[in-house]
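Encoded as structure tokens, the structure appears first; notes follow it.
In my numbering, the protein residues as written are 41 to 224.
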């Protein structure tokens, strides 16, 4: 549910929040539209690790968009403002997508500890080619080894997160050092 809004400023936003509404903006394609939505309809979208393409109906017109930024109250978990970015047909979308690790790393089998360093990666792709998650196979990852963004290859995806960013690594532990000493 979305409704256009005409009142702006701090006091207008406060009044909307008291009614259980969230002030929102929809940007992109050279135009910005201000609207409100109710808290209940956006909670599943916000309290999820996934990234979604949403349809916003404003004035009988349906717009496809991605959620770009959510502002929360610094003390209460109240949502203060949401900014959406309009998806344009034929143009790539930049969005943060969650990372999921799959497989059992070689380094973990000998006592190492697998650590996920990047929970989300920013990618650019056509909106119909965006995956729900980036699945990284860690099976061949040994102790002390790291998978970087630059090591990842996915059809139709361009990574905007720097190539030198670590995605995951198998850290050295006492158990893995002991196993290495026995083999050595």
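Backbone N, C-alpha and C define an ideal beta-carbon position, used for all residues, glycine too.
Separation of residue j from residue i, as counted between CA atoms
{"i": "residue 126", "j": "residue 167", "result": "11 Å"}
{"i": "residue 105", "j": "residue 122", "result": "12 Å"}
{"i": "residue 211", "j": "residue 169", "result": "33 Å"}
{"i": "residue 152", "j": "residue 198", "result": "31 Å"}
{"i": "residue 41", "j": "residue 118", "result": "Note that residue 41 scores a pLDDT of 48, beneath 50, so its modelled location is shaky and nothing firm can be said."}
{"i": "residue 75", "j": "residue 134", "result": "23 Å"}
{"i": "residue 183", "j": "residue 203", "result": "21 Å"}
{"i": "residue 164", "j": "residue 108", "result": "13 Å"}
{"i": "residue 181", "j": "residue 124", "result": "38 Å"}
{"i": "residue 83", "j": "residue 102", "result": "20 Å"}
{"i": "residue 81", "j": "residue 213", "result": "45 Å"}
{"i": "residue 150", "j": "residue 192", "result": "25 Å"}
{"i": "residue 95", "j": "residue 194", "result": "26 Å"}
{"i": "residue 196", "j": "residue 63", "result": "34 Å"}
Same chain, Cβ closer than 8 Å to residue i, five either side skipped, listed in chain order
{"i": "residue 158", "result": "139, 189, 201, 205, 206, 207, 208"}
{"i": "residue 72", "result": "65, 66"}
{"i": "residue 100", "result": "none"}
{"i": "residue 187", "result": "176, 178, 181, 206, 207, 208, 209"}
Sequence-distant residues of the same chain with beta carbon closer than 7 Å to residue i, five excluded per side
{"i": "residue 128", "result": "68, 69"}
{"i": "residue 113", "result": "120"}
{"i": "residue 132", "result": "164, 165, 166"}
Test item: CB-CB of residue i and residue j under 8 Å
{"i": "residue 175", "j": "residue 142", "result": "yes"}
{"i": "residue 78", "j": "residue 61", "result": "yes"}
{"i": "residue 137", "j": "residue 161", "result": "yes"}
{"i": "residue 185", "j": "residue 130", "result": "no"}
{"i": "residue 110", "j": "residue 93", "result": "no"}
{"i": "residue 178", "j": "residue 154", "result": "yes"}
Residues bridged to residue i (per DSSP)
{"i": "residue 177", "result": "142"}
{"i": "residue 206", "result": "188"}
{"i": "residue 108", "result": "Answer by DSSP bridge pairing: none, since residue 108 is not bridged."}
{"i": "residue 124", "result": "66, 107"}
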